[in-house]
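**Student:** Can you keep this structure in mind? I'll have questions shortly.
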Amino acid sequence: AFCTIPSIRGKMRSKPLDRIVTEARQLMADGAFELNLIGQDTTSYGYDIYNAPTNEKPGLTTEGRKARVNSDHNLVTVPTPKGNLTYPGDLLGLLHALNDVAADFGGGWMRLMYVYPTYFTDEMIDTIAQLPHIVKYIDIPLQHMSDRMLQTMRRNITKQQQADLLYKLRERIPGLAIRTTFITGFPGETREDHEELLEFIDEFGFDMMGVFQYSREPGTPAGRMDLDPDLHVPDEVKAEREAELMTLQQEIAFENAAFVAEQRSQFDVLIDAPAPSDGLSELRSSGSGPRDVADNGEEMRDPYEGTILRHLGRCYHQAPQVDSVTHIVSAAPLTPGELVRCTIIDSDGYDLIARPTAELERKVTLPVVG
Numbered sequence: 065a066f067c068t069i070p071s072i073r074g075k076m077r078s079k080p081l082d083r084i085v086t087e088a089r090q091l092m093a094d095g096a097f098e099l100n101l102i103g104q105d106t107t108s109y110g111y112d113i114y115n116a117p118t119n120e121k122p123g124l125t126t127e128g129r130k131a132r133v134n135s136d137h138n139l140v141t142v143p144t145p146k147g148n149l150t151y152p153g154d155l156l157g158l159l160h161a162l163n164d165v166a167a168d169f170g171g172g173w174m175r176l177m178y179v180y181p182t183y184f185t186d187e188m189i190d191t192i193a194q195l196p197h198i199v200k201y202i203d204i205p206l207q208h209m210s211d212r213m214l215q216t217m218r219r220n221i222t223k224q225q226q227a228d229l230l231y232k233l234r235e236r237i238p239g240l241a242i243r244t245t246f247i248t249g250f251p252g253e254t255r256e257d258h259e260e261l262l263e264f265i266d267e268f269g270f271d272m273m274g275v276f277q278y279s280r281e282p283g284t285p286a287g288r289m290d291l292d293p294d295l296h297v298p299d300e301v302k303a304e305r306e307a308e309l310m311t312l313q314q315e316i317a318f319e320n321a322a323f324v325a326e327q328r329s330q331f332d333v334l335i336d337a338p339a340p341s342d343g344l345s346e347l348r349s350s351g352s353g354p355r356d357v358a359d360n361g362e363e364m365r366d367p368y369e370g371t372i373l374r375h376l377g378r379c380y381h382q383a384p385q386v387d388s389v390t391h392i393v394s395a396a397p398l399t400p401g402e403l404v405r406c407t408i409i410d411s412d413g414y415d416l417i418a419r420p421t422a423e424l425e426r427k428v429t430l431p432v433v434g
């Protein structure tokens, strides 16, 4: 209802599975550890070229979907160094294929982005939960949580259906991080619609969230609606609502980061790049998490002690460029692309501050004088 991309680029077209696998293998052979899977609607992968079933097709039951997944015409043969492998020609098959690629290279992060809630199935949830190299992270654009606005946006889903899916995802995929995006100021949005969205965000507590102000795109149904003075939302109102949404999300995110630091949680952190060494003192003074207290409540040495280097990295729940980052303070240099087990020792707003766990656990042995 509001996007001109389909009219410019045409209907969604799935890239053949063998091409994706070949590209993934090449990227990992070149040193990549993380691959981000993105499309206009990732959940609908394969429905056009492999006749893969989606919930978009009316009257398709779970049993019918399984039957079509297992049918011969829906299976895709992919050449690999281990020989030809066969996968279903849908998102489930794609996830299995990429998980196999990561396994062949000794590990990797395969991240799923832009997953529409409308067509998300139980089989997809189970597959993400079970495959070790599929990152427990989902970017799921919800756009709104008011039934009236979802209908106006032609989202083909209700608030309750979206809420049920979100809670099911959290229940069935341990440690799952959920990112979403919302649109504020869509034509016809009222203060009540906005308050309903705020209420749900506060209730659910998204791990990451973005907000976009609606911008008119000529030639779209929403663009024509926006020309109606009774439906148009003024720019100043859009800005005010965006600020309210992001202020709430900031409170949630800051609290989550501080909690992770308080728990001294451990994560594998992917090192992205070195950071300016002169920022360490500023970073330390701005942090809000724990210092000098061990898990058992006893005093411990300053976790920053001896750190002279700082690197930028990310935990699995931090997607590149759009999410927060993890600042790693260390006594030894770390290599970009390296995966380092770290303990979260502090937080700085959205960001986490970590130190290699091995450095924190290192003990000084004194000579025994007899």
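Quick note on this note's numbering: the sequence shown kicks off at 65 and runs consecutively. Where a beta carbon is used, it is the ideal one built from N, C-alpha and C, also for glycine. Since this is a predicted model, take the numbers as computed values, not measurements.
(1) Which of the three DSSP states, helix, strand or coil, is assigned to ARG98?
(2) Quick test of your reading: ASN163 and ILE198, contact by CB under 8 Å. State the CB separation rounded to the nearest angstrom.
(3) Using the C-alpha atoms, what's the distance from GLY287 back to PHE270?
(4) Decide if the stretch 76 to 87 is in contact with the stretch 108 to 117; the criterion is three or more beta carbon pairs, one per stretch, under 8 Å apart.
(5) Among MET289, ASP154, VAL165 and GLY147, which residue has its Cα nearest to the Cα of ASN115?
(6) Can ARG378 and ASP332 be called in contact, C-beta distance under 8 Å?
(7) Can you give the Cα-Cα distance for LEU295 and ASP387, rounded to whole angstroms?
(8) Nearest by alpha-carbon distance to LEU149: which of TYR183, MET273, LEU240 and THR86 is it?
(9) On the CB-based measure, 16 or more other CB atoms within 10 Å of its CB, does PRO152 come out buried or exposed?
(10) Give me the residue from ARG328, GLU281 and ASP366 with the minimum Cα distance to LEU416.
(11) Can you tell me the Cα-Cα spacing of LEU206 and THR144, whole angstroms?
(12) For GLU363, which three-state DSSP category applies?
(13) Quick check on this structure: which residue in GLU326, VAL275 and MET188 has the alpha carbon closest to the alpha carbon of HIS208?
(14) Compute the Euclidean distance between the alpha carbons of ARG212 and GLU304, then round it to the nearest angstrom.
(15) I'd like the span of the beta strand (DSSP E) that includes TYR180, first residue to last.
(16) Rounded to whole angstroms, what's the CA-CA distance from ASP366 to LEU373? Just pull it up for me.
(17) By a C-beta neighbour count over all protein chains shown, 10 Å radius and 16 as the cutoff for buried, is GLU98 buried or exposed?
(18) One question on the structure: do SER394 and THR421 come within less than 8 Å of each other, judged by their Cβ atoms?
(19) Between which two residues does the alpha helix (DSSP H) holding MET289 run?
(20) Please report how far the alpha carbon of HIS160 lies from the alpha carbon of THR191, in whole angstroms.
**Tutor:** According to the structure shown:
(1) Here residue 98 refers to the residue found at position 34 when the sequence shown is read from its first residue. A quick correction: the sequence has Glu, not Arg, at residue 98. The DSSP-derived three-state label of GLU98 is strand.
(2) Taking the sequence shown and counting its residues from 1, the one referred to as residue 163 is at position 99. Taking the sequence shown and counting its residues from 1, the one referred to as residue 198 is at position 134. About 6 Å separates the two Cβ atoms, so the contact holds.
(3) Within the sequence shown, numbered from 1, the residue matching residue 270 stands at position 206. Within the sequence shown, numbered from 1, the residue matching residue 287 stands at position 223. Roughly 29 Å separates the two Cα atoms.
(4) Segments in contact, yes.
(5) Here residue 115 refers to the residue found at position 51 of the sequence shown. Among MET289, ASP154, VAL165 and GLY147, the Cα nearest to that of ASN115 belongs to ASP154.
(6) In the sequence shown, counting from the first residue as 1, residue 378 sits at position 314. In the sequence shown, counting from the first residue as 1, residue 332 sits at position 268. Result no, Cβ atoms of ARG378 and ASP332 do not sit closer than 8 Å.
(7) Along the sequence shown, read from residue 1 onward, the residue named residue 295 stands at position 231. Along the sequence shown, read from residue 1 onward, the residue named residue 387 stands at position 323. Approximately 33 Å between the Cα atoms of the pair.
(8) Translated into positions along the sequence shown, residue 149 becomes position 85. The residue with the shortest Cα to Cα distance from LEU149 is THR86.
(9) As a position in the sequence shown, residue 152 is number 88, starting the count at 1. By the neighbour-count rule (16 or more Cβ atoms within 10 Å), PRO152 is buried.
(10) In the sequence shown, residue 416 corresponds to position 352, counting from 1. With distances taken between Cα atoms, LEU416 lies closest to ARG328.
(11) Looking up residue 206 in the sequence shown gives position 142. Looking up residue 144 in the sequence shown gives position 80. The straight-line gap separating the alpha-carbon atoms of LEU206 and THR144 is approximately 37 Å.
(12) By one-based count along the sequence shown, residue 363 stands at place 299. Only weak support is given to the placement of GLU363: the predicted model assigns it a pLDDT of 44, under 50, and the value that follows is read from those uncertain coordinates. In the three-state DSSP reduction, GLU363 falls in the strand class (E or B).
(13) Here residue 208 is taken as the residue at index 144 of the sequence shown, counted from 1. Of the listed residues, the one whose Cα sits closest to HIS208 is VAL275.
(14) Residue 212 sits at position 148 when you count from the first residue of the sequence shown. Residue 304 sits at position 240 when you count from the first residue of the sequence shown. For ARG212 and GLU304, the distance between alpha carbons rounds to 21 Å.
(15) Taking the sequence shown and counting its residues from 1, the one referred to as residue 180 is at position 116. First-last for TYR180: undefined, no H or E at that position.
(16) The sequence position of residue 366 within the sequence shown is 302, counting from 1. The sequence position of residue 373 within the sequence shown is 309, counting from 1. Each residue's Cα considered, the two are about 16 Å apart.
(17) Taking the first residue of the sequence shown as 1, we reach residue 98 at position 34. Buried, since its Cβ has 16 or more Cβ neighbours within 10 Å.
(18) In the sequence shown, residue 394 corresponds to position 330, counting from 1. In the sequence shown, residue 421 corresponds to position 357, counting from 1. No, the pair does not count as a contact, with Cβ atoms beyond the cut-off.
(19) As a position in the sequence shown, residue 289 is number 225, starting the count at 1. Here the alpha helix (DSSP H) through MET289 covers 285 to 290.
(20) Residue numbering aside, residue 160 sits at position 96 when the sequence shown is read from its first letter. Residue numbering aside, residue 191 sits at position 127 when the sequence shown is read from its first letter. Answer to the nearest angstrom: the Cα atoms are 8 Å apart.
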